[in-house]
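The numbering of the sequence shown is my numbering, which starts it at 51 and goes up by one. By construction, the Cβ of each residue, glycine as well, lies at the ideal position given by its N, Cα and C atoms.
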Amino acid sequence: MAPQRGGGGAARCHGNRRRAAGKSVEVGLAGPAFCPPGMFGDASTGVLDVESVWRRDQGTRCEEKSTQTLPVPTAERVAQTRHSHEVGSQAALRPARPRPCPSRRPLVDYAGLRAFLQRVEEPVIRELDKNWKSHAFDGFEVNWADPNETVTGVSPTRQGATCRCISQATGAVLACSYGRLDDGDWSSEKSFLCTWNLDRRALNPHRPDLVVEVPSAVLCVAFHPQQPSLIAGGLFSGEVLIWDTSRQEDPLIWRTGMTDDTHTDPVYQVSWHRDPRQPRAFRVLSISTDGKILVWQEERDGLLRPASGFAFVQQQIPRSTKLKKTFFSPLPLPLPREESSVPLRAPAQFSFSSHGGPIYSVSCSPFHRNLFLSGGTDGHVHLHSMLQARPLLSLQLSKKYIFSVRWSPVRPLVFAAASGEGEVQLFDFAKSSQKPSVSIRQTPHQAPVYCLEFNPRQTQLLAAGDAGGTVKVWQLSSDFTEEGPRDEPPRSDLLGANMSA
51 MAPQRGGGGA ARCHGNRRRA AGKSVEVGLA GPAFCPPGMF GDASTGVLDV
101 ESVWRRDQGT RCEEKSTQTL PVPTAERVAQ TRHSHEVGSQ AALRPARPRP
151 CPSRRPLVDY AGLRAFLQRV EEPVIRELDK NWKSHAFDGF EVNWADPNET
201 VTGVSPTRQG ATCRCISQAT GAVLACSYGR LDDGDWSSEK SFLCTWNLDR
251 RALNPHRPDL VVEVPSAVLC VAFHPQQPSL IAGGLFSGEV LIWDTSRQED
301 PLIWRTGMTD DTHTDPVYQV SWHRDPRQPR AFRVLSISTD GKILVWQEER
351 DGLLRPASGF AFVQQQIPRS TKLKKTFFSP LPLPLPREES SVPLRAPAQF
401 SFSSHGGPIY SVSCSPFHRN LFLSGGTDGH VHLHSMLQAR PLLSLQLSKK
451 YIFSVRWSPV RPLVFAAASG EGEVQLFDFA KSSQKPSVSI RQTPHQAPVY
501 CLEFNPRQTQ LLAAGDAGGT VKVWQLSSDF TEEGPRDEPP RSDLLGANMS
551 A
């Protein structure tokens with residue numbers, strides 16, 4: 051029997067299908083396959099899907115785990131003492147019982163002391179009588195304090211200009227005016243007013259506490275006697291200004307301006323004087339080389355107006371007076387014009403013997419109303435009395451000018467002088483009337499010393515300013531600050547001898 055093919059006489063074996071990469075794939079045998087007869091028959095099977103494992107998306111695996119410690123055990127305990135006791139005490143007052151002092155033997159043998167004094171009494175009296183008649187110790191003074199024999203510098207201050215004037219009021223604040231007049235003519239350089247507090251703990255000598263800028267050279271300054279914050283100053287332009295140092299922004303409070311009633315020449319001296327009509331009020335007095343002395347009163351508009359004044363009138367100048375040429379101008383001393391809104395009196399009635407040149411400084415004695423000193427360009431210092439024309443004493447202290455002289459505020463016979471050779475000389479008439487007791491070298495290069503002032507409160511201090519702009523405060527020894535018994539008799543002898551002559 052011939053074999054038959056399944057499905058049309060042919061028999062085929064069909065394989066299975068599989069899905070790969072997401073698709074269904076049929077798997078089978080290619081070509082005809084012959085199966086043994088009676089073993090296989092035609093059959094159809096379903097589709098089997100097999101997913102891919104190695105191409106599956108690998109997602110992020112997150113795991114959460116937690117731990118916990120064991121609970122912390124806590125406990126509360128209470129403690130209390132079982133027993134307590136209270137104890138009190140009190141002091142009882144008992145009357146004090148006097149205790150008898152133990153008997154002591156006398157430490158002094160009074161009988162022997164009496165016998166010794168009686169034995170030495172006669173020779174001691176005899177020696178004391180000899181010493182009383184002796185002149186070996188004439189002029190000897192016992193100084194119970196240790197004297198300071200040197201003059202030392204306390205605080206030098208410097209500003210890059212010429213120091214023209216110094217003023218001290220409270221003893222702690224020092225005011226200095228600066229300005230250059232090297233050519234003796236008008237200058238376009240600015241001037242300054244500076245103050246230092248010497249009692250300040252962090253004192254900087256090169257940095258003033260206050261600096262006031264002034265358009266013209268300040269030739270003189272003066273503190274108010276009762277209000278140290280007020281300072282009056284005279285300018286080279288002829289103006290008189292008053293500053294209030296308590297005002298930081300604009301310290302200028304009064305000024306004279308430039309009118310027919312004001313000064314027309316430089317102002318070389320200003321001073322505060324009591325108003326005779328109002329004892330508590332003070333007015334400013336200014337002196338200029340124009341021949342006028344003016345007294346100023348303050349107005350509400352910030353201006354100073356002359357209240358009264360004095361002047362040199364040619365017809366009333368004594369014949370013995372010789373007018374010298376001023377040091378800054380080749381013209382003679384100008385006399386003021388009589389046209390003025392304020393009447394100017396001419397009280398000059400007496401004149402003194404003149405120097406050999408212009409006079410730079412005059413200082414009246416604070417202890418004797420008739421004594422005053424004068425210094426000028428001839429290098430001499432004259433000691434004058436108001437009661438006679440000729441000087442009581444004439445001293446040549448320098449070959450150059452004498453710019454300033456000042457009496458000591460505590461010693462009647464001590465004065466200081468500033469010379470053009472850079473020296474400050476201290477005189478003590480109780481020791482010598484011809485040579486200085488001490489000569490202080492102010493500057494190493496012999497720069498002129500223009501001004502000096504004693505401190506009215508701290509009397510051991512003396513300030514001096516020179517042409518280099520340096521102000522030095524010198525500390526004086528006790529020889530110049532403590533008044534001794536020798537101060538009064540020589541003064542009377544000096545006056546009496548010159549008066550009788």
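Looking at the secondary structure, which residues open and close the beta strand (DSSP E) in which residue i lies?
i                 : result
asparagine 247    : 241 to 247
glutamine 276     : Taken as a continuous stretch (DSSP letters only), glutamine 276 belongs to no beta strand (DSSP E), as it is neither H nor E.
glycine 359       : 354 to 361
glutamine 347     : 342 to 348
leucine 143       : Per DSSP, leucine 143 belongs to no beta strand (DSSP E) and is neither H nor E.
phenylalanine 422 : 421 to 426
glutamine 438     : Where glutamine 438 is concerned, there is no enclosing beta strand (DSSP E), given that its DSSP letter is neither H nor E.
leucine 443       : 443 to 446
valine 320        : 317 to 324
serine 411        : 409 to 414
serine 227        : 223 to 228
valine 122        : Note, valine 122: premise wrong, no beta strand (DSSP E); not H, not E.
arginine 305      : 302 to 305
glutamine 525     : 520 to 525
Please name the residue in the options whose C-alpha comes closest to that of residue i.
i                 : options                        : result
tryptophan 293    : Ser527, Ser287, Leu280         : Leu280
valine 474        : Gly352, Leu512, Pro459         : Leu512
glutamine 556     : Phe417, Met436, Thr309, Phe422 : With the chain represented from 51 up to 551, any question about residue 556 goes unanswered, as that position is not in the structure.
leucine 291       : Met308, Glu299, Gln298         : Met308
alanine 514       : Pro506, Val523, Gln508, Lys240 : Val523
proline 494       : Gly472, Phe477, Asp478, Ser487 : Gly472
tyrosine 228      : Glu263, Arg257, Asn254         : Glu263
leucine 476       : Ala468, Arg350, Val488         : Val488
cysteine 270      : Leu167, Gly352, Leu445, Ser287 : Ser287
valine 521        : Arg144, Ala225, Leu167         : Ala225
phenylalanine 453 : His135, Asp516, His434         : Asp516
threonine 312     : Phe166, Ala357, Gly138, Glu177 : Ala357
phenylalanine 500 : Ala467, Ser483, Lys449         : Correcting the residue identity first, residue 500 is tyrosine in this sequence and not phenylalanine. Among Ala467, Ser483, Lys449, the Cα nearest to that of tyrosine 500 belongs to Ala467.
glycine 519       : Arg507, Ala497, Asp529, Gln508 : Ala497
I believe residue i touches residue j by the beta-carbon criterion, under 8 Å. Please report the beta-carbon distance rounded to the nearest angstrom.
i            : j                 : result
arginine 456 : phenylalanine 504 : 6 Å
proline 275  : tryptophan 322    : 6 Å
serine 319   : glycine 284       : It is glutamine, not serine, that sits at residue 319 in the sequence shown. Right, the Cβ-Cβ distance comes to about 7 Å (below 8 Å), so this counts as a contact.
cysteine 244 : valine 261        : 5 Å
proline 459  : proline 416       : 6 Å
arginine 461 : glutamate 533     : 6 Å
Consult DSSP for residue i and reduce its assignment to one of helix, strand or coil.
i                 : result
lysine 180        : helix
glutamate 533     : coil
tyrosine 160      : helix
valine 488        : strand
valine 460        : coil
glutamate 48      : There is simply no residue 48 to check, as the chain begins at 51 and stops at 551 in what is shown.
arginine 333      : strand
valine 261        : strand
alanine 513       : strand
valine 455        : strand
glutamine 130     : coil
phenylalanine 166 : helix
glutamate 289     : coil
valine 392        : coil
serine 469        : strand
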